[in-house]
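Residue numbers (our numbering): 123 to 342.
Here the structure is laid out as C-alpha cells; the discussion comes afterwards.
Set out below in C-alpha cells:
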C-alpha cells in the first residue's frame with residue numbers, strides 16, 4: 123500500500139481536507155498532493171517521500187513510524203482513524219499543613235506551608251489534606267520534611283498509618299495496631315518503642331485519629 127493511498131484513505135475516513143491535513147503535518151499542500159498522486163509533476167517521476175516527511179505524516183495520524191511503515195509494506199491491515207489524545211484531567215489542589223494542633227478542626231488551621239495536587243478520582247473518595255513530617259520516628263520510610271497525603275477520618279483499620287493526637291498534643295504520624303482492650307501506636311524507627319493505650323485511656327486522654335495516610339510525597 124503506497125503512502126499516497128494511506129493518506130487518501132485517512133483523509134476520507136476522518137473527513138479532512140488536504141489543507142487541514144497538510145497543516146497537521148507541517149507540510150505544504152502541494153507536497154501532500156504529490157504524495158497522494160505518487161508523481162512529481164516537475165519530472166513526471168514517482169515521488170520518494172523523505173523519512174522526516176513520513177515521520178510527520180505518522181505523527182499527524184497519531185501513529186508511530188514503525189506502524190506506518192508496516193502498513194506501507196503490506197504486513198498489516200489497519201483502519202486509519204483519527205484518535206484524539208485523551209485530555210489530561212486536572213488535579214485537585216489540597217493544603218499542606220506544617221502542624222495540626224490538637225482541638226482545632228482541620229479546616230480552621232491557618233498553618234498552611236504549601237499545596238499538593240491529588241487526582242480527581244482520589245478527591246472524590248473524601249476530604250484530604252497534606253501534612254509535613256517532623257522528627258525521625260517514622261524513618262526510614264518517612265523522613266523530616268516529607269509530606270503525607272491524608273484522608274480525614276476518625277477511625278482506621280489495624281495496620282494502617284494514621285495521623286493521631288494524644289493527650290492534647292499536636293498530631294503525629296504512627297502505624298495503628300488494634301487490640302480488644304486498646305490500641306498501639308507504632309513507629310517505624312526501632313529506636314522508638316510502641317505506645318499502648320487502653321480503651322479507657324483512649325477516652326480519657328483522649329487519643330483521636332484525624333485521618334489515614336494514603337500517599338507519601340518524599341522530598342529529595
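Every residue gets a Cβ at the ideal spot worked out from N, C-alpha and C, and that includes glycine.
Buried versus exposed, by CB contacts within 10 Å (16 or more), residue i
i, result
"residue 215", "exposed"
"residue 291", "exposed"
"residue 340", "exposed"
"residue 173", "exposed"
"residue 287", "buried"
"residue 331", "buried"
Residue i in three-state terms, based on DSSP
i, result
"residue 181", "helix"
"residue 129", "helix"
"residue 266", "coil"
Neighbourhood of residue i by C-beta distance below 7 angstroms, restricted to the same chain and skipping five residues each side
i, result
"residue 257", "266"
Proximity below 8 angstroms, CB of residue i to CB of residue j
i, j, result
"residue 272", "residue 333", "yes"
"residue 308", "residue 295", "no"
"residue 157", "residue 126", "yes"
"residue 306", "residue 318", "yes"
"residue 219", "residue 253", "yes"
Residues near residue i in its chain [Cβ-Cβ closer than 8 angstroms; skip 5 each side]
i, result
"residue 303", "320 and 321"
"residue 255", "264, 265, 266, 267, 268, 269, 270 and 295"
"residue 143", "129, 132, 133, 154 and 182"
Contacts around residue i, its chain only, beta-carbon distance under 6 angstroms, and the 5 residues preceding and following it disregarded
i, result
"residue 147", "178, 179 and 182"
"residue 283", "297 and 335"
Original post:
Contact between the stretch 129-144 and the stretch 161-170: three or more CB pairs below 8 angstroms?
Top reply: no
Original post:
Just checking, does the stretch 308-318 make contact with the stretch 232-248 on the three C-beta pairs under 8 angstroms criterion?
Top reply: Contact check between the stretch 308-318 and the stretch 232-248: fewer than three CB pairs, one atom from each, fall below 8 angstroms, which does not count as touching.
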